[in-house]
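Engineer: One structure, pasted below without further comment.
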Amino acid sequence: MNEVTVHLTVQHQPRTMIIPARTTLADLLRDHLGLTGTHLGCEQGVCGACTVLLDDLPVRACLTLAAACEGAEVITVEGLEGPDAERLRACFAEQGALQCGFCTPGMLLAGYYLVRGRQPLSREEVCQAMSGNICRCTGYNAIVRAIEAAISQGIEAETAPAQTVPRSSGAPAAGTEE
Amino acid sequence: MTTGDSTPARRYGIGARTPRREDARHLAGRGSFVSDVKLSGLREVAFVRSVVAHGRITAVSVPDDAEPGSVWTAADLAQLAEPLTATSTLAGFRAAPLPNLAADKVRYVGEPIAVAIAGTRAEAEDLAARITVDITPLPAVVGFSDALAHNAPKVHNDWPDNIFATTSGDVGDVDAAAREAAVSVTREYTMNRQAVVPLEGRGVIAHYDRSADRLSVWSSTQTPHMIREMIAILLGIEARRVRVIAPDMGGAFGSKCSLYPEEVALAAIAMKLDHPIRWVEDRWEGMVASTQARDHHYLVTAHAAADGTLLGVEADILVNGGAYSVYPWTATMDATMAAAMIPGPYRVRNYRFRTRSVAANKAPSGPYRGVGRPGACFAIERTIDELAHELGLEPYEMRLKNMVRPDEMPYTSVAGKVYDSGDYPEAVRQAAVLIGHDTWRKRQRGVPTDSRHRIGIGYGSCTEQTAHGCVEWATRGLAITIGTEGARLEMDATGGFTLSVGIKSHGQGSETTLAQVVSEVFDVEPEHVTVIHGDTALTPRSEGTFASRSMVMAGGASYGAARQLAQKVKRIASVLLDEPVEDLRLRDHAVVGRAGSLGYRELAKEFLFTPDHVPGIEGGLEATYYYRPAVETGAFSYATHAAVVDVDLDTGGVTLLDYAVVEDCGTVVNPLIVEGQIVGGVAQGIGSALLEELVYGDDGQPKSSSFLDYLLPGTTEIPELKIGHLRTASPNTVFGMKGTGESGAIMPPAAIGNAVTDALREFGAQANETPMTPQRVWTALRDAQDAMAPIAETVS
Amino acid sequence: MKPAAFDYHRPAGTAEAVRLLSDLGDDAKVIAGGQSLLPIMNMRLAEPAHLVDVTGIAELRQTTVDASGARYGATTTHMRFEYQLVPDVTGGLLSRMAAGIGYQAIRNRGTVGGSLAHSDPSAEWPTVMAALDAAVHVLSVRGMRRVPVRDLLLGFFSTALEPDELIVDVEVGRLPASTRWGVCKTARKPGEFAESLAVALMEHDATPRIRQPRLWLGAAADTPVRLAGTERLVEGHDVDAVTADDLVVPIAADLGADPGAGDPAARYVLHLHAVTVHRALRAVHEEVSDE
């Protein structure tokens, strides 16, 4: 059969979906769950507009089969919550880090991952970490500034000493160990 | 980093760094783009497209088991919609109908041939894959030499050659200038073909509602009103039956301001169906079937006196327009703009040019940010540097010497463009300071000769005609002469404002900046103004968003409507406050008189709920205004960009070390948004300069039709820009605004090309072709060294 | 741009996986991270009738290490190499190579076994695993066999794997303390596939001398190429005495290319390979002199 059943958690809500096997995670979110904040810019894995968090790691929803997400936890832009997400959004607005808004969900999720890492990053490191997300409007300066600012604010807001991960410019924060 | 912006901080109104009204929904993932629209019964479309660049269609076979109404070919569509034909008033212009679906011949890879409709996009693609198309290939016309060859195959059989149109001009006495000149240089430049690449591709939904007798078309379009009228005309129905809605758009940059076959085809088919249909362009389609850009070639000769005075310029300009003329711009749009902008911001009085717009088996060219100017700027600015080099001048001194001075404004250029205002030389001076010219020169001289790196500094200057009116479009042969915009402003019974404009904001933040115009007149925060745009049923007729015109034109219309409504509000208040209109001011949500004041909320409630309380005032609390500037030659933005590059002599790789912009877009409505336009434009210009190229094989096959092989600038390619501002209000526009949507994208190829050439001066290599890929730079270097080698041997 | 329909199988273990592969024959394709397969499926350049998804198989994620080296489970992601969440038995070479693959989001899903099975000569793993003389352990219903990576890679998208075989793990020998490495990837942008990719291994002798070099070049042919002739040429020379230009002719010979080709693109490509190999050699030397 072309159909598969997949159990996954989306924005912390468990779901059981019966879908055509060829459904990508992006299409599952958009067409089956109505979460159209995940955008498709190329479906070739390059532009990053479809970036979502899969078990806490940013991945390309266009290059991930929904069926392969059995048991996984998915967070999309619509479900991106908490102080880090809010300070990142505020920095985006303040710096002018979005224009048309199409790349923005992917930028936020990729940027959120860096903010949550609680590691000070140089401009160059932020640029490297964000090099897989294409924006055609802003020319990136404002995006990079916004992420830098949100990283600093996140570190400042931390009361407990930051937990460090080796070489952690974008190192996985949680939940990836076997 | 920004310097020189002396605008005092304002909370709102013109000049305020107002946060964008658009941000909240996009940051929450709640934007609604065409692909996000939810409609009951919606089915999805996949197009069958030509995989052959040039050929004769011999058969289109539909699977026997296809459901009725699920497959549509040219034969089906022929009775439903006329093909689109863009015409021009240019002498000798050759028109060619642009088929909605190809019938007998295909002329580029990606040309639509058939429509497949199914429940999902995947299923529509399954069906499309089962439609077979037989095509007998014909030799393809790809490059300029193919197209212009004596026995070239013809893209359009009934044409005598492959030229859409030729234009020419000869002003002053170029030959005398040549005789007088101390130095003349001739150079060839190529700006290769590019994709426009808004991150959201095109998308169309069409639905015919039988009960309302209305065809609704959602389209990711910059020009909803124009699309509406053309769809009606091509379908042979009255436009009153057609509504076009442009929802949120993921950028456009010019690629969504032509009428497309997909829009006409879906509209025509929807009239025959009882459910809505949607097509969402995928990336391959975006790379092969959206309008493309640039593809220019220049042969430029310039003459200068020993002191650097520019005496005359000659330009022979070729533009490859692809297979068809798009509506309404035609394939001559780039060439006519390029010819007009070759003289640049300079006081040259002798100018001769010829342009030829050439047809080839590539996707049709259309507008792209800068239209013609990036190529023209690259050609003239590279040439200015070549002259400066020959004369031993610093290139920026050459510019200072020849630029139109502020005391000469308004200045009619040798190409007949009326530069309205500004201090062009000051932009150059400030750019040199901002980039740290002397420091970089010192560092450049300090690079050891055995280093495998070189540093170069380059400048690019340009003027940008924005928001031009009817007369300007007419001179370029456009069949529709664009030049008016409408706005309607209403105050509701709660004292809130709704501004309706027919332009379409697709990323540039017009919901914010136009609200700021209302805010300026009524002294309210922009949060109290809803801006409706992109829906023909809700907005006054409009021409659309393109040519850096929206803020000036729709802003002008919004200002006119706001002033009219303000006048009426004052008249109402005059009755209610019993004070003369002349004594009333609009302050902080209220009409304020000498004795009393009346909040907008109370005023609106009184006037709309109980008009009998306000005797003598005609009904309605709204105003509609159509703006058509008195001077139609446009408001000219200008800028100078300065780039510093590192060239890796081993790989030919170019890295930007520093980049500065000094620009003047007149009165700034919102600095946040203007900066966004500049930086975003520069990033696209850097893409043109270094990365982006649509490569076509000799057979017309696109070789860079995905993001895997068409490289876009990313975070690592764009340095933090230094931006300086000059502020010269245009005498021709409301508030003195000048458009600035395109400016940033125009100069980077010129500035970077000059910087790369500057870096390689000791080797005699030049960067005369974009994108300046490592291979091109290295090859230019090697060729120059090969050419110098025998000479060096002779000398030693 | 949506994949053609296929049947999807999610085996719980390797035995079930290879039984499925055996039953389904040529029509089946193994999918691990899918970061190379999904783009071509989305574009319908690949239309497998069956996908066997091995990402749910725990044993394929296991890594075992001993004194001789490591066996990395086939579905170990690039990210786990990058951040050394699996032990790196090559003194950082694997981590360094992994960090250059695509973008962060790609590295979070793409796998080492998937990359080797895909056999794209401009990708990182084929070249570095060939240079390290790594081997894959391959399972089918007929049993397990060990295939050196140098024998595995047959061409562009072509390997010595039978249609019913599954890469279980990648065996990488521990790099002796005396062996140093240097790499250079030349690409137009971060995240892009390499235009040239060089891995240099050599013995450390505290001088700038090149000793026992092993040079491998990716993105130059349809499989990674050992530059045996170039190795002989540079052996024993001071690294500072070797220029990129010196390497053009021997690299051309190793690649079977014509160093005097008039075609500007071919000439550039050859030159770029020489520059890339030269930089990889210098990178070894720089690592050494840093100590």
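Here the protein sequences line up with chains U, W and F, keeping their order.
Residue 178 is where the first sequence ends in full-length UniProt numbering, and the numbering goes up by one at each step.
Residue 796 is where the second sequence ends in full-length UniProt numbering, and the numbering goes up by one at each step.
Residue 291 is where the third sequence ends in full-length UniProt numbering, and the numbering goes up by one at each step.
Backbone N, C-alpha and C define an ideal beta-carbon position, used for all residues, glycine too.
In this text the structure is predicted, and so the values were computed from the model without any measurement.
(1) So, does the stretch 477-493 of chain W touch the stretch 642-657 of chain W, judging by three or more C-beta pairs under 8 Å?
(2) Listed in chain order, which residues of the stretch 24-57 of chain U have Cβ atoms closer than 7 Å to some Cβ of chain F?
(3) Measuring only the C-alpha atoms, how far is A267(W) from S542(W)?
(4) Is S168(W) helix, strand or coil by DSSP?
(5) Less than 8 Å between the beta carbons of V239(F) and L197(F), yes or no?
(6) Among residues of its own chain, excluding the 5 on either side of M403(W), which ones have a beta-carbon nearer than 8 Å to its beta-carbon?
(7) In chain F, which residues lie less than 7 Å from G714(W) when you measure between Cβ atoms?
(8) Closer than 9 Å, Cβ to Cβ, to anything on chain W: give me those residues from the stretch 121-142 of chain U, in chain order.
(9) 8 Å is my cut-off, CB to CB: does P213(F) come that close to chain U?
(10) For D27(F) versus H50(F), is the C-beta spacing smaller than 8 Å?
(11) Please classify T243(F) as buried or exposed, where buried requires at least 16 other C-beta atoms within 10 Å of its C-beta.
(12) Where does N162(W) sit, in a helix, a strand or coil, going by DSSP?
(13) Chain U partners of V682(W), CB-CB under 8 Å?
(14) Starting from H453(W), trace the alpha helix (DSSP H) both ways and give me its first and last residue.
(15) Between the stretch 236-268 of chain F and chain W, which residues of the former have a C-beta closer than 8 Å to a C-beta of the latter?
(16) Would you identify the three-state DSSP class for S519(W), choosing helix, strand or coil?
(17) Opposite Q292(W) in the DSSP bridges: which residues?
(18) How would you call A67(F), buried or exposed, if buried means at least 16 neighbouring beta carbons within 10 angstroms?
(19) Note down, in chain order, all residues in the stretch 717-735 of chain W with a beta-carbon under 8 Å from any beta-carbon belonging to chain U.
(20) Tell me, please, whether the stretch 354-373 of chain W touches the stretch 717-736 of chain W by the rule of three or more beta-carbon pairs shorter than 8 Å.
(21) Apart from the five residues just before and just after G48(U), which ones in its own chain have a Cβ nearer than 8 Å to its Cβ?
(22) Give me the residue from Q430(W), R382(W), A745(W) with the minimum Cα distance to A765(W).
(23) Check for me: the alpha helix (DSSP H) holding W473(W) runs from which residue to which?
(24) Would you mind sorting T51(U) into buried or exposed? The rule is 16 or more other CB atoms within 10 Å of its CB.
(25) Measuring CA to CA, which of R240(W), Q194(W), L199(W) is closest to K703(W)?
(26) Is the separation between the beta-carbon of T9(U) and that of I18(U) shorter than 8 Å?
(27) Shorter than 8 Å from the beta carbon of I18(U) to some beta carbon of chain W?
(28) Determine, for L63(U), whether the minimum Cβ-Cβ distance to residues of chain F falls below 8 Å.
(29) Which one of Q564(W), L708(W), P719(W), T512(W) has the shortest CA to CA distance from I673(W)?
(30) Touching or not, the stretch 252-269 of chain W and the stretch 195-211 of chain W, by the rule of three or more beta carbon pairs under 8 Å?
(31) Taking a cut of 8 Å between CB atoms, which residues from the stretch 503-528 of chain W lie near chain B?
(32) Kindly say whether E22(W), judged by its beta-carbon, lies nearer than 8 Å to any beta-carbon of chain U.
(33) Provide the residue(s) that pair with Y208(W) in DSSP beta bridges, ordered along the chain.
(34) Quick one, are the C-beta atoms of V45(W) and R278(W) less than 8 Å apart?
(35) Which whole-angstrom value describes the C-beta separation of P599(W) and G495(W), a residue pair presumed to lie in contact below a C-beta threshold of 8 Å?
(36) At a CB-CB cut-off below 9 Å, which residues of chain U make contact with V679(W)?
Structural biologist: In short, the structure shows the following:
(1) No, they do not touch.
(2) E43, Q44, G45, G48, T51, L57
(3) Walking along the second sequence from the start, residue 267(W) turns up at place 267. Walking along the second sequence from the start, residue 542(W) turns up at place 542. Between A267(W) and S542(W), the C-alpha separation is close to 21 Å.
(4) Within the second sequence, residue 168(W) is the residue found at index 168, counting from 1. Strand.
(5) Numbered from its first residue, the third sequence carries residue 239(F) at position 239. Numbered from its first residue, the third sequence carries residue 197(F) at position 197. It is not a contact, given that the beta carbons lie outside the stated cut-off.
(6) Looking up residue 403(W) in the second sequence gives position 403. The beta carbon of M403(W) is closer than 8 Å to those of P345, Y346, R347, Y424, P425, V428, S461 in its chain, skipping five residues each way along the sequence.
(7) Position 714 of the second sequence, counted from the start, is the residue given in the question as residue 714(W). Under the 7 Å cutoff, chain F gives K189.
(8) Interface annotation for the stretch 121-142 of chain U against chain W: R123, E124, V126, C127, Q128, A129, M130, S131, G132, N133, I134, C135, R136, C137, T138, G139, Y140, N141, A142, criterion Cβ-Cβ distance under 9 Å.
(9) Counting from one through the third sequence, the residue named residue 213(F) turns up at place 213. At a cut-off of 8 Å between C-beta atoms, P213(F) does not count as an interface residue with respect to chain U.
(10) Taking the first residue of the third sequence as 1, we reach residue 27(F) at position 27. Taking the first residue of the third sequence as 1, we reach residue 50(F) at position 50. One thing to note: D27(F) has its Cβ within 8 Å of the Cβ of H50(F).
(11) Translated into positions along the third sequence, residue 243(F) becomes position 243. When all chains shown are included, T243(F) counts as exposed.
(12) Along the second sequence, read from residue 1 onward, the residue named residue 162(W) stands at position 162. Of the three classes helix, strand and coil, the one that applies to N162(W) here is coil, per DSSP.
(13) Position 682 of the second sequence, counted from the first residue, corresponds to residue 682(W). Residues of chain U with a Cβ closer than 8 Å to the Cβ of V682(W) are, in chain order, G139.
(14) Here residue 453(W) refers to the residue found at position 453 when the second sequence is read from its first residue. Taken as a continuous stretch (DSSP letters only), H453(W) belongs to no alpha helix (DSSP H), being part of the beta strand (DSSP E) at 453-466.
(15) A244, P264, A265, R267, Y268
(16) One-based indexing of the second sequence puts residue 519(W) at position 519. S519(W) falls in the helix class under three-state DSSP.
(17) Locating residue 292(W) in the second sequence gives position 292, counting from the first residue. In DSSP, Q292(W) forms a bridge with A195(W), S365(W).
(18) Taking the first residue of the third sequence as position 1, residue 67(F) is located at position 67. So A67(F) counts as exposed.
(19) For the stretch 717-735 of chain W, which is checked against every Cβ of chain U, the residues closer than 8 Å are I718, E720, L721.
(20) no
(21) As a working note, residue 48(U) is residue 48 in the first sequence. Hits under 8 Å: G41, R60, C103, G106, M107, A110, G132, N133, I134.
(22) To locate residue 765(W), count along the second sequence from 1; it is residue 765. Selected option, being the one with the closest Cα: R382(W).
(23) As a first step, residue 473(W) must be located in the second sequence, where it is residue number 473. Per DSSP, W473(W) belongs to the alpha helix (DSSP H) from 470-475.
(24) The residue you call residue 51(U) lines up with position 51 of the first sequence. The residue in question, T51(U), is buried, as its Cβ has 16 or more Cβ neighbours within 10 Å.
(25) Reading the second sequence from its first residue, position 703 is the one you call residue 703(W). The shortest Cα separation from K703(W) among R240(W), Q194(W), L199(W) belongs to Q194(W).
(26) If you number the first sequence from 1, residue 9(U) lands on position 9. If you number the first sequence from 1, residue 18(U) lands on position 18. In this structure, I18(U) does not lie closer than 8 Å to T9(U) by Cβ.
(27) Taking the first residue of the first sequence as position 1, residue 18(U) is located at position 18. Judged by the 8 Å Cβ criterion, I18(U) is not in contact with chain W.
(28) In the first sequence, counting from the first residue as 1, residue 63(U) sits at position 63. Closer than 8 Å to some Cβ of chain F, the Cβ of L63(U) qualifies, so yes.
(29) Within the second sequence, residue 673(W) is the residue found at index 673, counting from 1. The option with the nearest alpha carbon to I673(W) is T512(W).
(30) yes
(31) Protein chains U, W and F are contained in the structure displayed, whereas chain B is not.
(32) Working through the second sequence from its first residue, we reach residue 22(W) at position 22. Yes, contact with chain U.
(33) By one-based count along the second sequence, residue 208(W) stands at place 208. In the DSSP output, where bridge partners are listed per residue, Y208(W) has L215(W).
(34) Position 45 of the second sequence holds residue 45(W). Position 278 of the second sequence holds residue 278(W). Against a cut-off of 8 Å, the Cβ pair of R278(W) and V45(W) comes out as a contact.
(35) Position 599 of the second sequence holds residue 599(W). Position 495 of the second sequence holds residue 495(W). Before going further, note that residue 599(W) is Gly rather than Pro in the sequence given. Confirmed, Cβ separation roughly 7 Å.
(36) As a first step, residue 679(W) is located in the second sequence; it is residue number 679 there, counting from the start. The contacting residues are G96, T138, G139, Y140, N141, A142.
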